[in-house]
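The structure appears below as structure tokens.
Residue numbers (my numbering): 1337 to 1577.
As structure tokens, this is what we get:
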């Protein structure tokens, strides 16, 4: 089975001076949908596909993800000529964009001054979520044990790199998946926004309705594989199996 990457995107809000660095399998689509409601016309909101949106629609966006205002009006023509090279040439914000690349794409001083916010989730729970997402369309699904083992020789899911530069987290605000509603409300209120947008249900839940405890999926060996795979963020946030 080929490795799959869950889709994700990002927001840069000049209105509220924050950057949402969207990680994978952390309900980031719901947060992005909600944050789009408080964005201004000059803010960056990257594209979101139909599966990510679920039953919800962005109140604002996608917008400003290809050509920054400083490059208009001639930038649009240049972007068209560059085609697929636009991303590599620094003319596009795109899905699961690492913090280091966002900083290079923006004015570095502006990046440093803006508040960086991200979401983290227990690594073992997230791996179970990744399993259900990656196998959702397979008629012959591998076992979870096989899925974890087969990923040993593949790059780790890009999560740490989303909010870290040179091995160090740049996130000023970390929302915990386990307490997301409360953390999200506190973050939005800290921006001076009185009316907190509702977190919508974005992507469908691919896990069975009667959600099992993630620990039930693991053996001692597969739990250790995940521990090694995501060792940096497990240590950084004190995650426990």
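Glycine included, C-beta positions come from ideal geometry on N, C-alpha and C.
- Secondary structure of residue 1383 (DSSP, three-state): coil.
- Remark: C-beta atoms of residue 1562 and residue 1484 approach each other more closely than 8 Å.
- Leaving aside the five residues that flank residue 1435 on each side, the residues in its chain whose CB is nearer than 6 Å to its CB run, in chain order, 1357, 1499, 1501, 1506.
- Counted as a single uninterrupted DSSP element, the stretch harbouring residue 1570 is not any beta strand (DSSP E) but the alpha helix (DSSP H) occupying residues 1567-1573.
- Here residue 1533 is actually not in contact with residue 1368; their C-beta atoms are around 11 Å apart, not less than 8 Å.
- By DSSP's assignment, residue 1348 forms a beta bridge with 1355, 1380.
- For a cut-off of 8 Å, the C-beta gap from residue 1450 to residue 1354 is around 6 Å, short enough to register as a contact.
- Straight-line spacing of the CA atoms in residue 1467 and residue 1530 works out to 38 Å.
- If only uninterrupted beta strand (DSSP E) runs of at least 3 residues are considered, those enclosed by the segment 1493-1552 are 1509-1512.
- Under a 10 Å Cβ-count criterion, residue 1547 is classified as exposed, with fewer than 16 other Cβ atoms of the shown protein chains found around its own Cβ.
- Segment contact: the segment 1437-1454 against the segment 1504-1524, three or more CB-CB distances shorter than 8 Å; contact assigned.
- By the criterion of a C-beta distance shorter than 7 Å, residue 1459 is surrounded in its chain by 1562, 1566, 1569, 1570, 1575, once the five residues flanking it on both sides are discounted.
- The C-alpha of residue 1524 lies about 30 Å from the C-alpha of residue 1549.
- Taking all protein chains shown into account, residue 1564 has fewer than 16 neighbouring C-beta atoms within 10 Å of its C-beta and is therefore exposed.
- Within a 10 Å sphere around the beta-carbon of residue 1476 sit fewer than 16 other beta-carbons, which makes this residue exposed.
- The Cβ neighbour count for residue 1461, taken over all protein chains shown within 10 Å, is at least 16; the residue is labelled buried.
- Of the candidates 1558, 1347, 1349, the residue whose Cα lies closest to the Cα of residue 1464 is 1558.
- Taking C-beta separations shorter than 7 Å and ignoring five residues to either side along the sequence, the partners of residue 1352 in its chain run 1374, 1527, following chain order.
- Secondary structure at residue 1451: strand, using DSSP grouped into helix, strand and coil.
- Here the C-alpha atom of residue 1511 lies approximately 5 Å from the C-alpha atom of residue 1519.
- In the DSSP annotation of this structure, the continuous segment of the alpha helix (DSSP H) that includes residue 1481 starts and ends at 1480-1486.
- Here DSSP, grouped into helix, strand and coil, assigns residue 1399 to strand.
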